[in-house]
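Oh and the sequence shown: position 74 is 113 in our numbering, straight run, nothing missing.
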Amino acid sequence: MSQSCFRRVFTAESEKGAVLITGLLLVFVLTILSMAAMMSTSAELRIGANDRSAKRAFYLAEAGLEDARTRLQVSASASPIQDNQPTNSNWKVFIGTEEKSSGKGYQSADSNHIRYDKLNSSLDYVVTVTHKLDPSGNILKWGDNNGDGIPEENLVKGKNIYVITSDGYTPTGAYKTVMIEATQVASIPVPAALYTKAHTKIQGTSTYVIGMDQCGAMNVPGIITMAEVTQTGNPTITGAPVPIIENSSQDVQIQQMFNQFKGNRNYSYNVNGDTLTGGNWGSPVPGSTQQHPTTCNAQNVVYFNTNSTYVKLTGGTSGCGLLLVEGDLHVHGGFQWYGVIIVTGSVTFTGGGGKNVTGSILAGGNVSADLIGGDANIIYCSQAIEDQTKNLPLVTLRWVELFS
40 MSQSCFRRVF TAESEKGAVL ITGLLLVFVL TILSMAAMMS TSAELRIGAN
90 DRSAKRAFYL AEAGLEDART RLQVSASASP IQDNQPTNSN WKVFIGTEEK
140 SSGKGYQSAD SNHIRYDKLN SSLDYVVTVT HKLDPSGNIL KWGDNNGDGI
190 PEENLVKGKN IYVITSDGYT PTGAYKTVMI EATQVASIPV PAALYTKAHT
240 KIQGTSTYVI GMDQCGAMNV PGIITMAEVT QTGNPTITGA PVPIIENSSQ
290 DVQIQQMFNQ FKGNRNYSYN VNGDTLTGGN WGSPVPGSTQ QHPTTCNAQN
340 VVYFNTNSTY VKLTGGTSGC GLLLVEGDLH VHGGFQWYGV IIVTGSVTFT
390 GGGGKNVTGS ILAGGNVSAD LIGGDANIIY CSQAIEDQTK NLPLVTLRWV
440 ELFS
């Protein structure tokens with residue numbers, strides 16, 4: 040074979056070898072990339088599965104919180120949790136199976152421990168409820184100086200704070216723990232049938248302000264004001280220990296109280312000196328006369344933002360619950376309300392038509408004078424006041440997710 044032929048054969052064989060090696064390298068690289076893609080996909084699937092499992096555990100834990108919050112509500116109808124040991128620092132409630140509750144410290148022989156079944160047996164969670172304590176082991180209540188974020192001057196306070204811890208579990212073994220601090224809304228601390236901060240004029244022979252409790256035994260003054268009261272036309276004002284207290288130092292924090300309840304509104308209006316005729320947010324059942332309390336089973340929260348002006352209600356307006364007016368309230372003609380009226384400004388009742396407020400009125404205006412007349416009847420009723428908070432959900436003061 041000639042040298043040139045040898046070179047051609049050698050070159051061809053070399054090229055075939057290079058192609059083979061290159062092909063093998065490409066196959067190797069593609070194999071590595073495929074394996075990496077498979078591993079990445081597998082990892083992403085595991086991450087996705089873990090994420091779904093973690094979210095499921097979280098939502099189960101949240102369901103446990105809602106179970107406890109619902110049953111601690113004063114008006115709870117489904118298997119309510121009764122805190123019949125509000126001064127017991129060792130009181131503890133468990134919600135869940137006996138096995139899961141035992142894992143959280145439940146002991147059936149311990150009189151401080153109470154266990155309830157879950158509202159939904161198909162959901163896997165266990166809940167513990169305790170009273171919040173200070174570092175010395177004393178029970179804390181809402182409004183105490185305990186760092187719960189609620190101003191000390193907030194007068195709607197006094198209930199125990201519950202520490203509610205819920206663990207949610209999934210079949211894959213994932214679990215999440217969430218905790219809230221919550222409290223029941225106490226009854227609105229109404230000091231009188233009519234509370235004002237500005238000069239108040241009561242007029243008319245058919246005007247009554249009655250502080251003697253018409254549906255209980257919690258008598259209060261007819262009027263408490265931080266200014267003075269002027270009477271014309273011989274109105275009737277009763278109460279205990281006295282009918283009227285003038286120049287009072289009792290500074291009810293109307294705005295803070297107002298802000299607390301407006302978040303629960305189910306009717307909301309943005310007005311600017313407008314007149315609303317014939318509004319109906321419930322129908323109080325009249326007493327035998329205008330001077331007797333009405334009754335009502337509805338509890339609405341009606342909110343008016345007057346944009347620093349007023350709203351005028353006329354034409355036989357009626358309602359049951361909380362009437363919240365940010366600004367001034369003018370009432371003309373017939374008016375029936377069962378519950379509590381909280382006004383950040385002044386209150387003016389004029390015109391005839393028969394007016395009955397069963398519960399109380401609190402007005403926070405300190406510039407404009409308050410005027411009550413026009414056949415108005417303000418009748419203190421402790422039951423009408425109590426009714427307005429018993430159906431409200433627990434107030435959540437703090438929420439946190441716990442990590443082990």
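Where a beta carbon is used, it is the ideal one built from N, C-alpha and C, also for glycine.
Residue 390 and residue 413 do touch by the CB rule: their CB atoms are close to 5 Å apart, below 8 Å. When DSSP states are grouped into helix, strand and coil, residue 434 belongs to the strand group.
Restricting attention to beta strand (DSSP E) runs no shorter than 3 residues, the segment 134 to 190 encloses them at 152 to 155 and 164 to 170, ordered along the chain. Three or more Cβ pairs drawn from the segment 245 to 261 and the segment 277 to 291 lie within less than 8 Å of each other, which places the two stretches in contact. Taking a C-beta distance under 9 Å as the contact criterion, residue 373 and residue 354 qualify as a contact pair.
If you draw a straight line from the Cα of residue 267 to the Cα of residue 404, it comes to about 14 Å.
By the CB criterion at 9 Å, residue 232 and residue 418 fall inside the cutoff. In terms of CA proximity to residue 277, 241 leads the group 296, 312, 241 and 308. Here residue 402 carries a strand assignment [DSSP, helix/strand/coil]. The beta carbon of residue 98 is closer than 8 Å to those of 207 in its chain, skipping five residues each way along the sequence. Of the residues 271, 438 and 350, the one whose Cα lies closest to the Cα of residue 307 is 350. Annotated three-state conformation of residue 102 is helix, per DSSP. For residue 401 against residue 223, the beta-carbon gap comes to about 21 Å, at or over 8 Å, which does not count as contact.
Residue 155 sits close to residue 120, with the two beta carbons spaced by under 9 Å. Nearest C-alpha to residue 442 among 74, 320 and 100: 100. The beta carbon of residue 211 is closer than 6 Å to those of 92 in its chain, skipping five residues each way along the sequence. Given a length threshold of 3 residues, each whole run of the beta strand (DSSP E) inside the segment 349 to 396 is given here in chain order: 356 to 371, 374 to 382 and 386 to 389. With a cutoff of 9 Å on beta-carbon distance, residue 96 and residue 213 are scored as near each other. Here residue 332 is not near residue 291, since their CB atoms are 9 Å or more apart.
Taking C-alpha positions only, residue 236 is separated from residue 264 by approximately 5 Å. About 5 Å separates the Cβ atoms of residue 324 and residue 334, confirming a contact at the 8 Å cut-off.
Excluding five sequence positions before and after residue 198, the CB atoms of its chain that fall closer than 7 Å to its own CB belong to 180, 181, 222, 223 and 225, given in chain order. Going by C-alpha positions, residue 73 is about 53 Å away from residue 109.
Restricting attention to 409, 424, 203 and 336, the CA atom closest to the CA of residue 438 is found in 203. In this structure, the beta-carbon distance from residue 422 to residue 250 does not fall below 9 Å. DSSP places residue 218 outside any alpha helix (DSSP H); the residue lies instead in the beta strand (DSSP E), whose first and last residues are 214 to 222. Beta-carbon to beta-carbon, residue 166 and residue 107 are separated by about 5 Å, close enough to satisfy the 8 Å threshold.
At a cut-off of 4 residues, not a single continuous stretch assigned as alpha helix (DSSP H) sits fully inside the segment 299 to 342.
Residue 134 places its beta carbon 9 Å or farther from that of residue 128. Between the alpha carbons of residue 169 and residue 130 lies a distance of about 6 Å. Under the three-state reduction of DSSP, residue 409 is assigned to strand.
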